[in-house]
Each structure stands twice: as structure tokens, then as C-alpha cells.
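Here the working numbering = 1-based position in the sequence shown + 3.
Notes follow once the structure below has been shown.
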Amino acid sequence: MRDSSRLTRRAALGLTAAALPLSAAAPASAATVIGGERLARGGIQVQGTTGLPKKITAHAWLIADCDSGEVLASYNAHRRLAPASTLKMLFADTVLKKFERTERYRVKDSDISDVPAGSSLVGIKPGLTYTVEQLWQGVFLRSGNDAVHVLSHMNGGIAKTVAEMRAKAADLQALDTHVVSPDGFDHKGQLSSAYDLTLFARHGLKDDDFRGYCSTRTANFPAGGKKTFQIQNTDRLLTGAWGLDVYKGLFGVKNGYTSHAGNTFTGGATRDGRTLLVTVMHPALGTNAVYEQTAALLDWGFGKGSSAQPVGVLVDPLSEGGASASASPSKGKGAAGAAGTGTAAGSGSSGPSPWRLAEGGAGTLALLGAGAWALRRRRRAAAAAAVPEPGDTPADSAGTPAG
């Protein structure tokens, strides 16, 4: 009964978001945006509460409830920016389930010959044999582009992997994202958004291996023969590196840095049975700024954000029943989104990409909005009565090392 209630509420909220017009004076056939009209607006979007951290300098950020998909607050959610190694979440969403973690692979020179100069590396050596588990540890802990390229070649090559990542992004309805390389390295036109990166994290965390890798703090990595060396996760909120405290309840997800992207980070944490996701993209310069601002938003989410009314929703993948905005609302169980699947290499902007806009009806707004709000109220009442569930000098990502 509880699961059925959740699906019904998410469907109602998602369909409401799809029906919202871009302006109050828009006709019934107004264009709509993935996740809801408010997420298309520039500036801070929040309702029903106050107290957001004042010193958030990121170009874009978003905080959402991982379970319900409700977006609690955002700033330039669909602004297209260079993602750096947070794009590796989409790489994992695309490739992770293709190989058994115990499978072994002997690395060839050609597997890492195309790794861009200046990349972060885990230290893979041609001629050595690695398990798939070790390669994924290299991806998640050290953000190793060499590990990404080895797995990509195992998958049939860079071009095939990029094509599959683009298809995966389209299925996830992450239409701000344009993939040029699987590792997140700075390439012209390689773009994503705070909204899309949060989608990648939420989807990935449904998989036990994804969650296990992103929450691993240290691992032993092959050095040849029987020798190993220890690698540490570059997520400073997870390890407490560089003068930061370990964030209570944090379990990942992925950080990144390049000279073009600046710092990017999607972090997830669970407290008192509630799991929140925060994405922060390109804050003002500062050694720990991306982590400090993520922690501040998580603190708000677990505190005053508990009473926030959603300003949007993280949509469901099309392959899992998520409805596109061009479909009839009754045909999809998930939240609605845009139907377009095009990509482009434009620069970041404060608004959504043109192909994110699709035709949608606003005639059902009042009915769906009322239904979603009533269901949300009932769910909150039930949750209140329930017992809570138990709950780096190294390079941060692709590209130049973190400062």
C-alpha cells in the first residue's frame, strides 16, 4: 500500500510539472520543461520554507529527495555547464552492469594510448591484469581516466561507449547533457546540468555495485606482481581530507574538477531514514568550496528543507515507465519530461536548451496539482508516525589536479 501511494503521488506530481505553462499568460499548448516549469527559471527556486544558506556561490545547484524525486530547491537547475568527472556517473550508469566484477582483463597499450594528457590517473599499467572491480575502484575512488578508457575499450571502444552514453542520457531524460568523451575531460561541447547530474546519481544508486563503489573510502590497487598500493577516494566529505570533517550520513557520490569546469560535485547523504542528493557546479574559487556548499545545502535539506514544497521533480527513465511531455499523461506512471532527444555543443546559459522544450497541455494543472498536494500531505503524516530507518593532494577528477 505504501509503495502504491508513492507511485501515485510521484505520477501526479510529475504530470503536474509537465502541465505547467512557461508563463501564466501562456495558452493551453504552452511549452514545458523536464521536471517542471520552475526549474526552467533562473535564480533560486524554493517555496514553503526559508533559511537557505546565504554564501552559495555556485553557478548552478540543486537539492532533491532521492526516494520521492521531489526537488526541494534549485538555482539554475538546467544551466548547461562543463561537468568534469561527475559525468563518470553516466558512464557507470551505461557500462557498469555489462561485466561481472570478478572478470579479469589484461591491459594493452592501445587501451590507454588515447587518454588525454593532463588527465587524472589511477596508475594502470599495460601488461598487468586487473579485475573489473579494481577498474571500477579506479573510476570511482581516483577518478582515473585510464580506468575509464580501459573499460570503454572492453565495451567496444570510445566511440561506441559515447554513443551508448548519449542514448542512456536520452532514456534518463537528461537532455541538457551532451557527451563527447566518457571520462568527463574538457572537450568542446561536453556539457551537463545540475538537474541531469542528479538524475545520473539517483539512477545509479539503485544499483548495489554503484552505491558500493562510490561509498568506498580506500582500496588496494595492483602495482605488478604481488605488490599493491592504496588508493583513497577523492571525495573529501567522505574521507575528511583537506581539513574537512566527514559529513554525517554521506555515502558518495562523485566529485570532479577541470580547469574549464571548475569544481563539480554530486553528494548523497541519509539521516533518519531520509536520503537527499545535492549537486553543486562551479562555485567561486576555494580549496573546499564545492564540498562546503554541498554540506550547507544538505544541512538545510535535513533541517528547514523538511517542510519545503517541491519546485519540481526528478523524472523517471523512459524505459522504466517515465512519461515524456509529448505523451498522454495517462500513459506513463512516472514524471513527465520533454520529448526531444537532440544534443548540441552550445555554451552554458541560464536557461534550458531549446530542445528541452516540448508541447504540453496545461488544462489539467489544477486537478493534478491538488491531487499531488493532498497525496504528499498524507504521506508526510504517515512518515511522521513511522519509526526512522537505520540508516587530497590527488586529482579530483578528469583534467588538471585539484588545487
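Note that CB positions come from ideal geometry on N, CA and C, so glycine has one too.
If you're wondering where the values come from, they're calculated on a predicted model, not measured in any experiment.
With the rule of 3 Cβ pairs closer than 8 Å, the region 279–286 counts as touching the region 63–82. A contact between stretches requires three or more CB pairs, one per stretch, nearer than 8 Å, and the region 263–273 meets this requirement with the region 71–90.
Rounded to whole angstroms, the Cβ separation of M92 and G270 is 12 Å, and the two are not in contact under 8 Å. Per the Cβ contact rule, the region 239–258 is not in contact with the region 33–50 (fewer than 3 Cβ pairs under 8 Å). Around the beta carbon of G308, a 10 Å sphere encloses 16 or more other beta carbons of the protein chains shown; the residue is thus reported as buried.
The three-state reading of DSSP puts R169 in helix, counting H, G and I together. Here Q312 is not near Q137, since their CB atoms are 8 Å or more apart. Distance between L175 and A95, taken at the CA atoms: about 13 Å.
Ranked by Cα distance from F232, the first of G126, S310, S327 is G126.
The region 202–221 makes no contact with the region 112–119, as fewer than three CB pairs between them are under 8 Å. As for any beta strand (DSSP E) of minimum length 3 sitting wholly inside the region 194–269, the runs are 221–227, 230–235, 253–261, ordered along the chain. In the three-state reduction of the DSSP assignment, V183 falls in the coil class, being assigned neither a helical nor a strand state. In this structure, T132 lies away from T267, with their beta-carbon atoms at least 8 Å apart.
Under the DSSP assignment, L131 falls outside any beta strand (DSSP E); it carries neither an H nor an E label.
In this structure, G227 lies away from K163, with their beta-carbon atoms at least 8 Å apart. Between L300 and P56, the CB-CB gap stays under 8 Å. Per DSSP, I66 is not a residue of any alpha helix (DSSP H); the beta strand (DSSP E) it occupies stretches across 63–68.
Cβ atoms of N148 and D186 come within 8 Å of each other, at about 4 Å. I37 is not a Cβ neighbour of L194, given a cutoff of 8 Å.
Cβ atoms of S77 and A197 come within 8 Å of each other, at about 7 Å. Each of A172, D211, A80 was checked against the Cα of Q48, and the nearest Cα belongs to A80. Between S218 and H181, the alpha-carbon positions lie close to 27 Å from each other.
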